[in-house]
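Here the structure is laid out as structure tokens; the discussion comes afterwards.
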Amino acid sequence: TQLLEQSPQFLSIQEGENLTVYCNSSSVFSSLQWYRQEPGEGPVLLVTVVTGGEVKKLKRLTFQFGDARKDSSLHITAAQPGDTGLYLCAGEDSSYKLIFGSGTRLLVRP
Amino acid sequence: DAGVTQSPTHLIKTRGQQVTLRCSPKSGHDTVSWYQQALGQGPQFIFQYYEEEERQRGNFPDRFSGHQFPNYSSELNVNALLLGDSALYLCASSLYGGAGYEQYFGPGTRLTVT
Chain A
269 TQLLEQSPQF LSIQEGENLT VYCNSSSVFS SLQWYRQEPG EGPVLLVTVV
319 TGGEVKKLKR LTFQFGDARK DSSLHITAAQ PGDTGLYLCA GEDSSYKLIF
369 GSGTRLLVRP
Chain B
1349 DAGVTQSPTH LIKTRGQQVT LRCSPKSGHD TVSWYQQALG QGPQFIFQYY
1399 EEEERQRGNF PDRFSGHQFP NYSSELNVNA LLLGDSALYL CASSLYGGAG
1449 YEQYFGPGTR LTVT
């Protein structure tokens, strides 16, 4: 059974601070996706990374896919209260299923 | 361009009852996947439909079944409801196949079983 472990589970930081969320597995994934979910809503896709070692930037968010395609990280620079939410990583297995991590709940205090 | 829509938004059922949830995919998408998200957890894959057939299934009992219609919309049926079935049920649509295909989620249906 493929599992994705996210860390930390909870993160409470002050506005302006930087943070990194990690997503790790012992399994290889075809691609990895990052989502953000607000309370009472469905996850919203932030980025998809496909190639080992790939780095993608989305404004203040930087996503990296590990060389072996088993892990990924999300780095947020100068966090803002609008970044508050549940961040989910999801790995795509060989049969195109998404395996989700348990999420990182981020609170950015003004 | 309408995104993924789901109905109803909320539902309260009693143990032992049956429930049907509905999903309309994003325009241009042909594949629908269903997920169960318990409180404080990440979504768990239930099954995926493409060309009106179940293509992939997660670790869920046969009480969970589904259907896809010719217009690509889909239903999720759960029989003999248990208290543990209380969760947010998410539908996601995509184009079938290929590494890095992107799934777009609907707002979910919140099911409460009492």
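So the protein sequences, as listed, match chains A and B. Throughout, the numbering used here is defined as the position within the first sequence, counted from one, plus 268. Throughout, the numbering used here is defined as the position within the second sequence, counted from one, plus 1348. Every residue gets a Cβ at the ideal spot worked out from N, C-alpha and C, and that includes glycine. Since the structure is predicted, the reported quantities are computational estimates derived from the model, not experimental observations.
Item, Value
"Where B:Ile1360 falls, given that 16 or more other Cβ within 10 Å makes a residue buried", "exposed"
"Residue environment, A:Val278, which counts as buried when at least 16 other CB atoms sit within 10 Å", "With the sequence shown as reference, residue 278 of chain A is identified as Phe, and Val is not the correct amino acid for it. The residue is exposed, with fewer than 16 neighbouring Cβ atoms inside 10 Å."
"Option in B:Gly1376, B:Asp1378, B:Pro1373, B:Gly1388 with minimal Cα separation from B:Ser1434", "B:Gly1388"
"Residue range of the unbroken beta strand (DSSP E) whose run includes A:Glu309", "It is not in any beta strand (DSSP E) - A:Glu309 carries neither H nor E in the DSSP assignment."
"A:Asp339 (DSSP reduced to helix, strand or coil)", "strand"
"Beta-carbon proximity list for A:Leu375, same chain, < 6 Å, skipping 5 on both sides", "Ser280, Thr352"
"Alpha-carbon to alpha-carbon, A:Trp302 and A:Thr345", "16 Å"
"Beta-carbon neighbours of B:Glu1450, restricted to chain A and to distances below 8 Å", "Gln301, Leu313, Thr316"
"DSSP bridge partner residues for A:Asp333 (one or two, in chain order)", "In the sequence under discussion, the amino acid at residue 333 of chain A is Phe, which differs from the Asp named in the question. A:Phe333 pairs with A:Ser340."
"Min CB distance A:Lys365 to chain B below 8 Å", "yes"
"Chain A contact residues for B:Pro1373, given Cβ-Cβ distances below 8 Å", "Residues of chain A passing the Cβ test: none, with the nearest at roughly 13 Å."
"Other residues of its chain near B:Asn1427: CB distance less than 7 Å, five sequence neighbours each side excluded", "Gln1366, Arg1411"
"Sequence-distant residues of its chain with Cβ nearer than 6 Å to B:His1415 (five each side left out)", "Glu1423"
"Selection of the region 1358-1391 of chain B by Cβ proximity to chain A, strictly under 9 Å", "Thr1379, Ser1381, Tyr1383, Gln1385, Gly1388, Gln1389, Gly1390, Pro1391"
"Residues that B:Leu1458 bridges to, as DSSP identifies them", "Reading the sequence as shown, one finds Arg at residue 1458 of chain B and not Leu. Per DSSP, B:His1358, B:Leu1436."
"Three or more C-beta pairs below 8 Å linking the region 1450-1462 of chain B and the region 1369-1379 of chain B", "yes"
"Interface flag, B:Gln1404 vs chain A, CB-CB below 8 Å", "yes"
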